[in-house]
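Have a look at the structure below, then the notes.
2 protein chains.
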Amino acid sequence: MSKLEVSLDHIDYQILRIMQNNARTNNADIARELGMAPSAILERVKKLEQKEVILQYNAKINPAALDQNLLSFIFIKTSDIIGEQGVAYLLAEIPEVQEVHDIAGDDGYLVKVRTHDAAGLVDLMRNTLGKIEGILSTRTTIVLQTVKEEQKLVIPSKD
Amino acid sequence: MSKLEVSLDHIDYQILRIMQNNARTNNADIARELGMAPSAILERVKKLEQKEVILQYNAKINPAALDQNLLSFIFIKTSDIIGEQGVAYLLAEIPEVQEVHDIAGDDGYLVKVRTHDAAGLVDLMRNTLGKIEGILSTRTTIVLQTVKEEQKLVIPSKD
DNA sequence: TTATAATATGAATAATATTCTAATTAAGTA
DNA sequence: TACTTAATTAGAATATTATTCATATTATAA
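Each protein sequence line maps, in turn, to chains E and S. With the UniProt record's numbering, the residue at position 114 of the first sequence is 114, and numbering never jumps. With the UniProt record's numbering, the residue at position 99 of the second sequence is 99, and numbering never jumps.
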């Protein structure tokens, strides 16, 4: 169910590799690089989108440029029943929340949050998290420095 | 030093908002949406890239499509001296490692890793992490389900 | 082998990107 | 206010790319 039934060949992998590194690479360039006709590439890219292999195209924006300099991870224990993630969906709706993961062993979620500063974090926890029913406790970890932050997947080199 | 000295106006914000949601939106469309000339938009986008407000354009690929179904967070304690992240840079070089954060209070890093399955994770920890000098201990948290996973920032609506 | 489906090519056309000049706007200064 | 300068924008011209489609090729299975 979570496993996608898609068969990708090495040309698809090459396309994915290019697109993962620069989503604005145009068809003509990809075609040139792979020695194929642009129309063939276009066809494949559209199929990759349709099959939801490519989920979306994002511009990665510098958080500092928007004055969002504090990154935090919050472990949130809840009264959610296993398999029913009521609180998780509420957390997911918060714009400052970038990630919500249901984690094993702890009856809780790992949540990634980006705020302007510590005051912004406190504000979020008090005024937003504080209003969510079902949160039993939180444990917050502040990020001092991010050495790497990417979504890039390891793409096979052969079929 | 980490704070960027950039002044963005509300047109920039609108461009960023559009690009963050779909990095492949073309100039002509943005221009139409904002009621401006394509050349003006192009100019601004290039400037946003130059000023490193826009860092890169990524295609978000479905991990399941590449059979990378296990997401884990690993807390890694090291002998790294504060301010000197030797181990962190080694961790950052590992393709399966998507994120490396230096976290407060623990003399350690929070690392996000994507592997095919549990066996892949064990393999990575034994054969790759195991060979890195300076790792004192690790604590691994398995993600059962991801409810939200985005890099999108909150973009101000005014200047 | 033959039939069928999937994929690729290549050409034609539509749309977009890019460049450049002139016009406009904004901000600061005398 | 008038002037200067820098930044931004519009608009036109051209280069490049996207997209469509008919045909050809390739792959797969019966």
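No residue lacks a Cβ here, since even glycine has one placed at the ideal position from N, Cα and C. The structure displayed is predicted, hence computed values, not measured ones.
Contact of S/D102 with chain E by beta-carbon distance below 9 Å involves V143, L144, Q145, T146, V147. Inter-segment contact for the stretch 56–67 of chain E and the stretch 113–122 of chain S is absent: fewer than three beta-carbon pairs are separated by less than 8 Å. Taking the beta carbon of E/N127 as reference, no residue of chain S falls within 7 Å; the closest one sits roughly 15 Å away. E/I155 places its beta carbon less than 7 Å from that of E/Y13. The beta-carbon of E/R24 is placed less than 7 Å from the nearest beta-carbon of chain S.
Between E/L8 and E/K77, the gap from beta carbon to beta carbon reaches 7 Å or more. Note that the C-beta distance between S/A104 and E/V147 is not below 7 Å. Within chain S, the C-beta atoms nearer than 8 Å to that of E/R114 come from L153, V154, in chain order.
Here S/D106 is exposed: its Cβ has fewer than 16 other Cβ atoms, across all protein chains shown, within 10 Å. Under a 10 Å Cβ-count criterion, E/V87 is classified as buried, with 16 or more other Cβ atoms of the shown protein chains found around its own Cβ. Assignment of S/G108 by DSSP, reduced to helix, strand and coil, places it in the strand class. Less than 7 Å divides the Cβ of E/L70 from the Cβ of E/L121. By the neighbour-count criterion, in which a residue is buried when 16 or more other Cβ atoms sit within 10 angstroms of its Cβ, E/A59 is buried. Judged by DSSP in its simplified three-state form, S/T140 adopts strand. Residue-level contact check: E/P38 does not touch chain S, since none of the beta carbons of chain S fall below 7 Å from its beta carbon.
Shown here, S/K77 sits in a strand according to DSSP, grouped into three states.
Restricting attention to E/I30, E/L110, E/V6, the CA atom closest to the CA of E/E52 is found in E/V6. In the DSSP assignment, E/S72 is bridged to E/V113, E/I142. Beta-bridge annotation (DSSP): E/I103 is paired with E/G108, S/V143. Here S/I82 is not near E/L153, since their CB atoms are 7 Å or more apart. For S/N27, the uninterrupted alpha helix (DSSP H) segment begins and ends at 27–34. At a cut-off of 7 Å, the C-beta of S/N27 has no neighbouring C-beta in chain E. Boundaries of the alpha helix (DSSP H) around E/A118: 118–123. Under the DSSP assignment, E/L55 falls in the beta strand (DSSP E) whose first and last residues are 54–61. Between E/K46 and E/T25, the alpha-carbon positions lie close to 14 Å from each other. Only residues of its own chain outside the window of five on either side were considered, and among them A31 have a CB closer than 8 Å to the CB of S/A40, listed in chain order. E/K46 has a beta carbon lying at 7 Å or more from every beta carbon in chain S.
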